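One structure is given below, encoded as structure tokens.
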Amino acid sequence: MNSSKKADYGNWVPRKLMNALWGVFLGLLFLAVLNALLWRNSAAALLLGAFSALSLAAAAYMQYCRRTVDLRGGGLSGKFYDELLDHLAWQGQGRLLDIGCGSGALSIRCAQRFPAAQIIGVDYWSGVWDYSQKQCEENARLEGCDARIGFRHGDAARLEFADESFDAAVSCFVFHEVKTISGRSKRPVVEEALRVLKKGGSFAFIDLFGRSALYGDMEEFVQRMKDSGLREVNYIPRAGAAFVPALARPMMTSGVGLLYGVK
299 MNSSKKADYG
309 NWVPRKLMNA
319 LWGVFLGLLF
329 LAVLNALLWR
339 NSAAALLLGA
349 FSALSLAAAA
359 YMQYCRRTVD
369 LRGGGLSGKF
379 YDELLDHLAW
389 QGQGRLLDIG
399 CGSGALSIRC
409 AQRFPAAQII
419 GVDYWSGVWD
429 YSQKQCEENA
439 RLEGCDARIG
449 FRHGDAARLE
459 FADESFDAAV
469 SCFVFHEVKT
479 ISGRSKRPVV
489 EEALRVLKKG
499 GSFAFIDLFG
509 RSALYGDMEE
519 FVQRMKDSGL
529 REVNYIPRAG
539 AAFVPALARP
549 MMTSGVGLLY
559 GVK
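Structure (structure tokens):
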């Protein structure tokens, strides 16, 4: 492992978003100053003042969220990973799939938690987040576990694996972002993840399961999965909510839940 360089896991709150938010605030502030110096329009002053204050509040809040979830220094994202893996009933023998691996952080944590496992991380790697396959591979190399991890481009809604290919499957805050399915419901993404899991394999997923617009009634969904033949299905609403209550807002992690069990 190269100790002179540290892995770069990025952040759940993209730098591009922060640049845009602060850019909007500075733009509005500039217009407000121009109005005060040149135009001196009282109505414009009120509007620009109000929008400037709102944009400042939004940028400051998201900056706080970015700092809070940062994996470095024991941030919130790492706590979610630990909670997820603590509920994965798996001994680490065989193959594990990380769906939506992003920068490789959860895949690498799985490799560290399960030293005998082979890990595959898949991601769509869209331009929204500052993540890439090259970044994942470099992070795995720096953490000294690249021999047991492979990364590939993939669509969580249409995984390019045969039925029952993996002994375990994990995913953290990914399913709600999948845009390649028709309709708003994200249940098909969960079902696709379970399709590639072997009978008797374990799974643990964290997502915005509490948002009915995305998943409907979770009690009904859990019962439906049990009726389909899954050996064990458990759901914990508001998983991780005690970590940072200030993140429980519609923009961030309200509705977060942990779905786990055995196929």
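So the sequence shown is numbered by the working numbering: it starts at 299 and just counts up by one. No residue lacks a Cβ here, since even glycine has one placed at the ideal position from N, Cα and C. Small disclaimer: the values here were computed from a predicted structure and weren't measured.
What residue range is occupied by the uninterrupted beta strand (DSSP E) comprising residue i?
{"i": "R418", "result": "With the sequence shown as reference, residue 418 is identified as Ile, and Arg is not the correct amino acid for it. Per DSSP, I418 belongs to the beta strand (DSSP E) from A415 to D421."}
{"i": "D465", "result": "F464 to C470"}
{"i": "N532", "result": "E530 to P535"}
{"i": "F503", "result": "L495 to D505"}
{"i": "G321", "result": "Not the beta strand (DSSP E): G321 falls in the alpha helix (DSSP H), residues R313 to L332."}
{"i": "R522", "result": "First-last for R522: M516 to D525, but that is the alpha helix (DSSP H), not the beta strand (DSSP E)."}
{"i": "V554", "result": "Where V554 is concerned, there is no enclosing beta strand (DSSP E), given that its DSSP letter is neither H nor E."}
{"i": "G448", "result": "I447 to H451"}
Which two residues bound the contiguous alpha helix (DSSP H) that contains residue i?
{"i": "N437", "result": "Q431 to L440"}
{"i": "Y513", "result": "S510 to Y513"}
Report back the beta-carbon spacing between residue i and residue j to the nearest angstrom; my notes put them in contact at under 8 Å.
{"i": "K496", "j": "R529", "result": "With a Cβ gap of about 12 Å, K496 and R529 do not count as contacting."}
{"i": "F503", "j": "V468", "result": "7 Å"}
{"i": "G555", "j": "M516", "result": "7 Å"}
{"i": "A323", "j": "L369", "result": "Note that residue 323 corresponds to Phe in the displayed sequence, not to Ala. 26 Å between Cβ atoms; not a contact."}
Which one of the options has the shortest CA to CA distance from residue i?
{"i": "M523", "options": "Y558, R536, V554 and I504", "result": "Y558"}
{"i": "H385", "options": "R450, M316 and S500", "result": "S500"}
{"i": "L374", "options": "C443, C470, V488 and C434", "result": "C470"}
{"i": "E490", "options": "E518, F449, F459 and I504", "result": "F459"}
{"i": "N437", "options": "A409, A414 and A415", "result": "A409"}
{"i": "D444", "options": "Y429, A414, R370 and L319", "result": "A414"}
{"i": "T478", "options": "L492, V494, G498 and R456", "result": "R456"}
{"i": "G498", "options": "A358, G553 and A387", "result": "A387"}
{"i": "D505", "options": "L492, V520, V494 and R536", "result": "R536"}
{"i": "G425", "options": "V367, G553, E518 and K314", "result": "K314"}
{"i": "V494", "options": "I397, Q521, D428 and F519", "result": "I397"}
Taking only beta-carbon atoms, is residue i less than 8 Å away from chain B?
{"i": "A415", "result": "The question asks about chain B, but that chain is absent: this structure has only one protein chain."}
(request) Indicate whether the contact test is met: 3 or more Cβ pairs, each with one atom in the stretch 464-472 and one in the stretch 391-407, closer than 8 Å. (result) With the cut-off at 8 Å, the stretch 464-472 and the stretch 391-407 touch.
(message) Contact between the stretch 510-521 and the stretch 352-366 is defined here as three or more beta-carbon pairs at a separation below 8 Å; is this criterion met?
(response) By the criterion of at least three beta-carbon pairs nearer than 8 Å, the stretch 510-521 is not in contact with the stretch 352-366.
(message) Contact between the stretch 307-318 and the stretch 400-407 is defined here as three or more beta-carbon pairs at a separation below 8 Å; is this criterion met?
(response) Contact between the stretch 307-318 and the stretch 400-407 is present, because at least three Cβ pairs lie under 8 Å.
(message) Which runs of the beta strand (DSSP E) at least 3 residues long sit entirely within the stretch 342-408? Give them in chain order.
(response) Within the stretch 342-408, the complete beta strand (DSSP E) runs of at least 3 residues are 392-397.
(request) Count the C-beta pairs between the stretch 441-450 and the stretch 405-421 that are closer than 8 Å, then say yes if the count reaches three, no if not. (result) Cβ pair count under 8 Å is three or more, so yes.
(message) Using a Cβ distance threshold of 8 Å, determine whether the stretch 420-434 contacts the stretch 346-354, with at least three qualifying pairs required.
(response) Contact between the stretch 420-434 and the stretch 346-354 is absent, because fewer than three Cβ pairs lie under 8 Å.
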